[in-house]
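Asks: Residue numbers (the working numbering), protein chains in the order written: chain A, 2 to 263; chain B, 2 to 153.
Each residue gets a CB set at the ideal place from its N, CA and C atoms; glycine is no exception.
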Amino acid sequence: MSALLDAVARLGRVAMTGMAHAGAMALFALRLLPVLLPTWARPRDVIQQIYAAGVLSLVIILVAGGFVGLVLGLQGYNILNKFNASESLGVMVALSLVRELGPVVAALLFAGRAGSAITAEIALMKTTEQLAALEMMAVDPFRRVIGPRFWGAMLSVPLLAALFSLVGIIGGYLIGVVVLGVDASSYWGQIAEQMDPWDDVGQGAIKSVAFGAVIAWIAVFEGHQAEPTAGGMARATTQTVVLSSLAVLGLDFVMTAFMFGA
Amino acid sequence: MNVQRGVELVVGLFVLAGIAALMVMAVQWSNFGASRVSGYEIVARFDNVGGLTEKSPVKLAGLTIGRVESIELHPETFQAEVRMAIDDRYDNLPVDSFANIYTAGLLGAQYVEISPGGALETLGDGDRITMTQSAIILESVVSRFLFDKAKE
Chain A
2 MSALLDAVAR LGRVAMTGMA HAGAMALFAL RLLPVLLPTW ARPRDVIQQI
52 YAAGVLSLVI ILVAGGFVGL VLGLQGYNIL NKFNASESLG VMVALSLVRE
102 LGPVVAALLF AGRAGSAITA EIALMKTTEQ LAALEMMAVD PFRRVIGPRF
152 WGAMLSVPLL AALFSLVGII GGYLIGVVVL GVDASSYWGQ IAEQMDPWDD
202 VGQGAIKSVA FGAVIAWIAV FEGHQAEPTA GGMARATTQT VVLSSLAVLG
252 LDFVMTAFMF GA
Chain B
2 MNVQRGVELV VGLFVLAGIA ALMVMAVQWS NFGASRVSGY EIVARFDNVG
52 GLTEKSPVKL AGLTIGRVES IELHPETFQA EVRMAIDDRY DNLPVDSFAN
102 IYTAGLLGAQ YVEISPGGAL ETLGDGDRIT MTQSAIILES VVSRFLFDKA
152 KE
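1) At a Cβ threshold of 9 Å, is Trp199/A touching chain B?
2) Identify, in the order they occur along the chain, each residue of the same chain with its Cβ nearer than 8 Å to the Cβ of Ala121/A, setting aside the five sequence neighbours on each side.
3) Assuming Val95/B contacts Leu61/B (C-beta within less than 8 Å), just tell me the rounded distance between them.
4) Please give the ranges of any alpha helix (DSSP H) in the stretch 180–214 of chain A, keeping only runs that are unbroken, at least 4 residues long and fully inside the region.
5) Residues of chain A with a CB under 7 Å from the CB of Leu23/B: which are they?
6) Could you give the C-beta distance for Ile123/A and Val56/A, rounded to a whole number, given that I count them as a contact under 8 Å?
7) Identify, in the order they occur along the chain, each residue of the same chain with its Cβ nearer than 7 Å to the Cβ of Arg144/A, setting aside the five sequence neighbours on each side.
8) Comparing the C-beta of Asn68/B with each C-beta of chain A, is any distance below 9 Å?
9) So for Glu228/A, helix, strand or coil by DSSP?
10) Residues bridged to Met154/B by DSSP?
11) In angstroms, rounded to a whole number, what distance separates the CA positions of Leu167/A and Gly66/A?
12) DSSP puts Thr104/B in a beta bridge; with which residues?
13) To the nearest angstrom, how far is it from the Cα of Val105/A to the Cα of Val249/A?
14) If you measure beta-carbon to beta-carbon, which residues of the stretch 36–47 of chain A are closer than 8 Å to chain B?
15) Shorter than 9 Å from the beta carbon of Ile216/A to some beta carbon of chain B?
16) For chain A, check one thing: does any of its Cβ atoms lie closer than 9 Å to the Cβ of Lys56/B?
17) Starting from the Cα of Thr131/B, find the closest Cα among Gly51/B, Ala100/B, Val8/B and give me that residue.
18) Taking just the CA atoms, how far does Val28/B sit from Ser117/A?
19) Do the CB positions of Ile43/B and Met85/B come within less than 9 Å of each other?
20) Are three or more beta carbon pairs between the stretch 176–193 of chain A and the stretch 89–101 of chain A nearer than 8 Å?
21) Whose C-beta lies closer than 7 Å to the C-beta of Glu130/A among residues of the same chain, with five residues either side of it excluded?
22) By the three-class DSSP mapping on this structure, what secondary structure does Arg14/A have?
23) Report the neighbours of Thr65/B on chain A: residues whose CB is nearer than 8 Å to its CB, in chain order.
24) Looking at the structure shown, is Thr120/A part of a helix, part of a strand, or coil, going by DSSP?
25) Between which two residues does the alpha helix (DSSP H) harbouring Glu140/B extend?
Given below as structure tokens:
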């Protein structure tokens, strides 16, 4: 009997911790929002962070995009060829990438590559009391440390997702047209004909902006609230990757249902 | 060049590349790899082109020999006038060739199939194929079949 009560109590504790976490995130967002615009008073801080988060993620994003495109080309060709519709390979690859895989996979890779780095950096600053030192000097750490990192991550994701999709489409071209012999004009022609600038490219871009904001928010939050110990930093980076990956996938479903469903 | 400027330059390039990628995907695929066939042009009029579009392939014996350049309505006959660019290598198509619109597979894209005739004269730039057969519209085939059955 007491074992059962313990289990229920444990469930309650988990639920309360989760809710407290969500509440802390909301409060953190309220604290962050007012400094988002003033952050741009020092645009160099933001540029530095776009470099750290975005430019340095280019290699993994471009390589991954290329391979995803190659695989899509191969798999798509095998399926479409059964229906004698391999001319549609281009549009299949392009739509899968632009609508779904570009924003989502780029965001997941970004969360692992750059989100965790942002969390670790802020958490270390907190552990070594650099944030407190800034406050002692009357420098707002939200404006100088957290704001630029938020912007850097949020702006990088849509750019990376666009490049991911483009490289993927070129990868699909390489495998489909150059290797498997799909007609080149059909590949590009079908894309031109059936891909809509607003419905497909625009909504994919909206998705990736939302993913960028969520990853950036989670990354800076986890860093800021990390327990100032070595173990706390480790947990915070893990949390960032886990939470932001799940958030991206969940948000993707919700946004897809709203934008492409109905 | 100091470090900060280098960083700014790289970030600028990164932003430009990202925006350019979006633009390319959103706006101009058609100019992309639209390898214009260097060749001569022939014309054919069809009663119905079905799902034929610009850049659809033109085939002979199943091999692509050119592609559709434009499809317009001919103002007098109310037929669709299809202009096709044919590769220069295939400059010996007989004038009495036949142009059909076929569908690749059951659901695939549509294309023009040229069936060569037997005349000795060949088609030149701007010539017209007079013998054509329209795209087969599945509904009309089905309905004809049903009506024929009903008559029996």
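Replies: For this structure:
1) Residue 199/A sits at position 198 when you count from the first residue of the first sequence. With 9 Å as the cut-off, Trp199/A counts as an interface residue toward chain B.
2) For the purposes of this step, residue 121/A is identified with residue 120 of the first sequence, where counting begins at 1. Only Gly224, Met234, Ala237, Thr238 meet the Cβ criterion.
3) Locating residue 95/B in the second sequence gives position 94, counting from the first residue. Locating residue 61/B in the second sequence gives position 60, counting from the first residue. What sits at residue 95/B in the sequence shown is Pro, not Val. Not quite, the Cβ-Cβ distance comes to about 11 Å (not below 8 Å), so this is no contact.
4) For the alpha helix (DSSP H) assignment, the uninterrupted runs of no fewer than 4 residues enclosed by the stretch 180–214 of chain A are, from N- to C-terminal side, 185–195.
5) By 1-based counting over the second sequence, the position of residue 23/B is 22. Correct list: Ala163, Val202, Ala206.
6) Stepping through the first sequence from its first residue, residue 123/A is reached at position 122. Stepping through the first sequence from its first residue, residue 56/A is reached at position 55. Contact between Ile123/A and Val56/A does not hold, since their C-beta atoms are separated by about 20 Å, which reaches or exceeds 8 Å.
7) Position 143 of the first sequence, counting from 1, holds the residue named residue 144/A. Within its own chain, the residues whose Cβ lies closer than 7 Å to the Cβ of Arg144/A, once the five positions on either side in sequence are excluded, are Val36, Pro39, Thr40, listed in chain order.
8) On the second sequence, position 67 is the one that residue 68/B refers to. The sequence as given places Arg at residue 68/B; Asn does not occur at that position. Chain A, which has a Cβ nearer than 9 Å to the Cβ of Arg68/B, makes this yes.
9) As a working note, residue 228/A is residue 227 in the first sequence. DSSP places Glu228/A in coil when its eight states are reduced to three.
10) As displayed, chain B neither begins before 2 nor continues past 153, which places residue 154/B out of reach and without an answer.
11) By one-based count along the first sequence, residue 167/A stands at place 166. By one-based count along the first sequence, residue 66/A stands at place 65. Each residue's alpha carbon lies about 8 Å from the other.
12) Here the question's residue 104/B lines up with position 103 in the second sequence. For Thr104/B, the beta-bridge partners assigned by DSSP are Gln111/B.
13) Counting from one through the first sequence, the residue named residue 105/A turns up at place 104. Counting from one through the first sequence, the residue named residue 249/A turns up at place 248. Straight-line measurement puts the Cα of Val249/A at about 7 Å from the Cα of Val105/A.
14) Correct list: Arg45.
15) Sequence index remark: in the first sequence, residue 216/A carries index 215 (1-based). So no, Ile216/A is outside the interface.
16) Here residue 56/B refers to the residue found at position 55 of the second sequence. It does; some Cβ of chain A falls within 9 Å.
17) In the second sequence, the residue the question calls residue 131/B occupies position 130. Closest by alpha carbon: Ala100/B.
18) Residue mapping note: residue 117/A aligns to position 116 of the first sequence, counting from 1. Residue mapping note: residue 28/B aligns to position 27 of the second sequence, counting from 1. C-alpha of Ser117/A to C-alpha of Val28/B: approximately 35 Å in a straight line.
19) The sequence position of residue 43/B within the second sequence is 42, counting from 1. The sequence position of residue 85/B within the second sequence is 84, counting from 1. Against a cut-off of 9 Å, the Cβ pair of Met85/B and Ile43/B comes out as a contact.
20) Contact between the stretch 176–193 of chain A and the stretch 89–101 of chain A is present, with at least three C-beta pairs closer than 8 Å.
21) On the first sequence, residue 130/A is found 129 positions in, with the first residue counted as 1. Taken in chain order, the list of residues that qualify is empty.
22) Start at 1 with the first residue of the first sequence, and residue 14/A comes out as number 13. Correct three-state label for Arg14/A: helix.
23) Mapped onto the second sequence, residue 65/B falls at position 64. By Cβ distance, chain A contributes Asp184.
24) The sequence position of residue 120/A within the first sequence is 119, counting from 1. In the structure shown, Thr120/A sits in a helix (DSSP, three-state: H, G or I).
25) In the second sequence, the residue the question calls residue 140/B occupies position 139. Unbroken alpha helix (DSSP H) run through Glu140/B: 139–152.
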